[in-house]
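Q:
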Amino acid sequence: ERSLVVPLEADQPLTRSNDGRADPWGGFWIGTMGFNAERGAGAIYRYYKGALRQLFAEITISNAICFSPDRRFAYYTDTPTRQIMRVPLDAADGWPSDPPEVFVDLKKDKRNPDGAVVDSDGCLWNAQWGAGQVARYSPDGTLLQTVDIPAAQATCPAFGGADLRTLFVTSAAQGRDGAEDGQTFQLATDVRGQREHRIIL
Numbered sequence: 051e052r053s054l055v056v057p058l059e060a061d062q063p064l065t066r067s068n069d070g071r072a073d074p075w076g077g078f079w080i081g082t083m084g085f086n087a088e089r090g091a092g093a094i095y096r097y098y099k100g101a102l103r104q105l106f107a108e109i110t111i112s113n114a115i116c117f118s119p120d121r122r123f124a125y126y127t128d129t130p131t132r133q134i135m136r137v138p139l140d141a142a143d144g145w146p147s148d149p150p151e152v153f154v155d156l157k158k159d160k161r162n163p164d165g166a167v168v169d170s171d172g173c174l175w176n177a178q179w180g181a182g183q184v185a186r187y188s189p190d191g192t193l194l195q196t197v198d199i200p201a202a203q204a205t206c207p208a209f210g211g212a213d214l215r216t217l218f219v220t221s222a223a224q225g226r227d228g229a230e231d232g233q234t235f236q237l238a239t240d241v242r243g244q245r246e247h248r249i250i251l
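Taken in order, the sequence shown gives residues 51 to 251; the numbers are from this note's numbering.
#1: Whole angstroms are fine: how far does the CA of L139 sit from the CA of P57?
#2: Within 10 angstroms of the Cβ of N68, are there 16 or more other Cβ atoms? Answer buried if so, exposed if not.
#3: Could you tell me the alpha carbon to alpha carbon distance between A201 and V55, rounded to whole angstroms?
#4: Cα-Cα, which of P146, G70, Y98 and P163 is closest to V154?
#5: Looking at the unbroken beta strand (DSSP E) that takes in W75, where does it start and where does it end?
#6: Run through the DSSP bridge pairs and tell me what D169 is partnered with.
#7: Within the same chain, show all residues whose beta-carbon is closer than 8 Å to that of A204, passing over the 5 residues directly before and after it, in chain order.
#8: Return the chain-ordered ranges of every beta strand (DSSP E) run that is complete within the region 144-213 and spans a minimum of 3 residues.
#9: Of the choices R52, R71 and E51, whose alpha-carbon is the least far from that of P207?
#10: How long is the line joining the alpha carbons of P189 and R122, rounded to whole angstroms?
#11: Would you tell me roughly how many angstroms separate the C-alpha atoms of L217 and C116, rounded to the nearest one?
#12: Quick check on N86: buried or exposed, where buried means 16 or more other Cβ atoms within 10 Å of its Cβ?
#13: Taking only beta-carbon atoms, is R161 less than 8 Å away from chain B?
#14: Short of 8 Å in beta carbon distance, which residues of its chain neighbour R248, apart from the five on each side in sequence? Order them along the chain.
#15: Look at the alpha carbon of L105 and the alpha carbon of P130, and state the distance between them as a whole number of angstroms.
#16: Smallest Cα separation from D128: which of A141, I111, D120 and V137?
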């Protein structure tokens with residue numbers, strides 16, 4: 051059985067959801083985008099304590115929603131901008147407290163930021179569509195390392211395993227027919243991820 055919690059762009063037939071994550075306060079951030087990635091058709095929302103509020107408008111491809119372990123920041127990207135954004139959060143309730151700022155700018159390298167996750171050290175791991183890699187950035191946005199996967203279209207990293215030190219990376223097969231495309235990969239790391247938060251309905 052299922053029941054409706056809250057409608058999300060129910061009056062907009064041209065969009066769908068894309069990327070989301072629970073925040074440390076029990077809220078749920080979720081992005082939308084056009085079915086054909088129409089420019090600026092989507093947005094990013096937060097569902098919290100029974101209410102849905104739009105946070106950022108005119109998003110083309112929402113991705114990389116994740117949160118720092120110290121609860122100070124949220125991250126997100128609009129993939130075609132090739133910029134990962136960071137937004138300060140209010141310590142009391144997790145709502146954005148200031149405008150977003152650029153955390154990592156990938157325009158020069160022509161990288162396309164997709165899904166992301168933050169480890170327990172506060173470093174952001176970002177899957178980069180078309181590059182076949184996941185890049186790890188320090189809390190100040192410095193590139194620390196890259197991890198290659200056999201598929202070109204890396205879509206999202208996640209930490210799992212008993213000790214949260216296994217990195218899982220999904221990939222997409224869209225427009226490709228290689229044996230590795232569309233597969234999920236795993237590799238051991240020397241860092242620990244965060245446990246995912248739970249949504250308070």
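Glycine residues also receive a C-beta, built at the ideal position from the N, C-alpha and C atoms.
A: Looking at the coordinates:
#1: Straight through space, the alpha carbons of L139 and P57 are spaced by roughly 25 Å.
#2: Counting other Cβ atoms within 10 Å of its Cβ, N68 reaches 16 or more and is therefore classed as buried.
#3: C-alpha separation (whole angstroms): 36 Å.
#4: If we check each option's Cα against that of V154, P163 comes out closest.
#5: Unbroken run through W75: none, as it is neither H nor E.
#6: Partner residues in the beta bridge of D169, as assigned by DSSP, are G243.
#7: Result list for A204: D164, A177, Q178, W179, A181, G182, Q183, V184, V219, T220 and S221, in chain order.
#8: Listed in chain order, the complete beta strand (DSSP E) runs (minimum 3 residues) inside the region 144-213 are 151-155, 162-168, 174-179, 183-187, 193-198 and 204-210.
#9: Closest option to P207, Cα to Cα, is R71.
#10: Their backbone Cα atoms lie some 11 Å apart in a straight line.
#11: Going from the Cα of L217 to the Cα of C116 covers about 15 Å.
#12: When all chains shown are included, N86 counts as exposed.
#13: The structure shown contains no chain B; it holds only a single protein chain.
#14: In chain order, A72 and G76 place their CB closer than 8 Å to the CB of R248, counting only its own chain and leaving out the 5 sequence neighbours on each side.
#15: Rounded to whole angstroms, the gap between the alpha carbons of L105 and P130 is 19 Å.
#16: Taking only the C-alpha atoms, the option nearest D128 is I111.
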